[in-house]
Amino acid sequence: MAFATPFSYLAQTTTVRTPKTTAGSLKGWMIYNPNSSVAYVQLFDTAGAITLGTTAPTFVLPIPATAAANVLVDDGITLSQGLKLACTTTATGSTAPSTGLDIAVFVE
39 MAFATPFSYL AQTTTVRTPK TTAGSLKGWM IYNPNSSVAY VQLFDTAGAI TLGTTAPTFV
99 LPIPATAAAN VLVDDGITLS QGLKLACTTT ATGSTAPSTG LDIAVFVE
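See below:
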């Protein structure tokens, strides 16, 4: 496995974060959802602007209530433009979860 750069976002909600500004790959994530309902991490493979609730995510990770999702892989998910992310209460919405999620992503 090549070395990946970790980016950590504690109490992440609807603020769009940009852990990767160029092409590369997403090698993994560690995400904890402290809420009593499912929360969604929207991931965008783009270098452009994001408008939550309007811009379609490239893929979405639903994180169950009071649960974690942890994945680390060798090959990763190819990013053609970069990586942006945000957390919401629905898969393609714009409403923030009541408590932010703790997220670490590993990109190369």
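With positions in the sequence shown counted from 1, the corresponding number in our numbering is that position plus 38. Think of the CB as a built atom: it goes at the ideal place given N, C-alpha and C, for glycine as much as any other residue.
Looking at the DSSP output, residue 115 sits in a beta bridge with 64. By the neighbour-count criterion, in which 16 or more other beta carbons inside 10 Å mark a residue as buried, residue 66 falls on the buried side. Counting along the chain, the unbroken beta strand (DSSP E) around residue 46 starts and ends at 43-50.
Residue 105 is bridged by DSSP to 71. The beta carbon of residue 140 is closer than 6 Å to those of 48, 70 in its chain, skipping five residues each way along the sequence. Relative to the Cα of residue 122, the nearest Cα in the group 53, 42, 68 belongs to 53.
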